[in-house]
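In the working numbering, the protein residues as written are 24 to 139. For glycine and all other residues, C-beta sits at the position ideal for the given N, C-alpha and C. None of these values were measured; they are calculated from a predicted model.
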């Protein structure tokens, strides 16, 4: 059963269960379509997986199996695929991090400042 997380992990935009703007990876990391298209190049920054439209749960099923209420904001502090590293602006992630890149290599520690 999908959790149907209520927000974008990058910008914290509300994504109600019936939102056509929600995108998820196979681990259910959740992002809005705008962040996926303008910041993430269609790839999950947490696991490197493909981001696809989140299915909309029918209203009758939503009553029996409600969406998750807890908000998650953990965008891209662990994994930056090589294919994304040139597209991510300095300061996007917000703190000093050591990240894994494709192939499991550790990228150099980078100090970056918050965007927001």
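heavy atom of the ligand SAM below 7 angstroms from residue i C-beta
i: residue 38; result: The model depicted lacks the ligand SAM and carries no ligand whatsoever.
Residue from the options with nearest C-alpha to residue i
i: residue 36; options: 79, 57, 24, 72; result: 57
i: residue 75; options: 53, 54, 46, 55; result: 46
Residue i versus residue j: straight-line alpha-carbon distance, rounded
i: residue 27; j: residue 73; result: 17 angstroms
i: residue 86; j: residue 97; result: 28 angstroms
i: residue 83; j: residue 53; result: 23 angstroms
i: residue 38; j: residue 44; result: 7 angstroms
i: residue 25; j: residue 77; result: 9 angstroms
i: residue 48; j: residue 81; result: 20 angstroms
i: residue 136; j: residue 79; result: Here the model assigns residue 136 a pLDDT of 43, short of 50, so the residue's position is not dependable and the matter cannot be decided.
Residue burial classification, residue i (beta-carbon count within 10 angstroms, cutoff 16)
i: residue 42; result: buried
i: residue 40; result: buried
i: residue 50; result: exposed
i: residue 88; result: exposed
| request: Inspect the CB distances between the segment 25-36 and the segment 56-70 and report whether three or more fall short of 8 angstroms. | output: yes
| query | Below 8 angstroms, can you find three or more Cβ-Cβ pairs linking the segment 57-64 to the segment 76-94? | reply | no
| task | Could you tell me which uninterrupted alpha helix (DSSP H) segments, each at least 4 residues in length, are contained entirely in the segment 37-97, listed from first to last along the chain? | result | 56-61, 82-87
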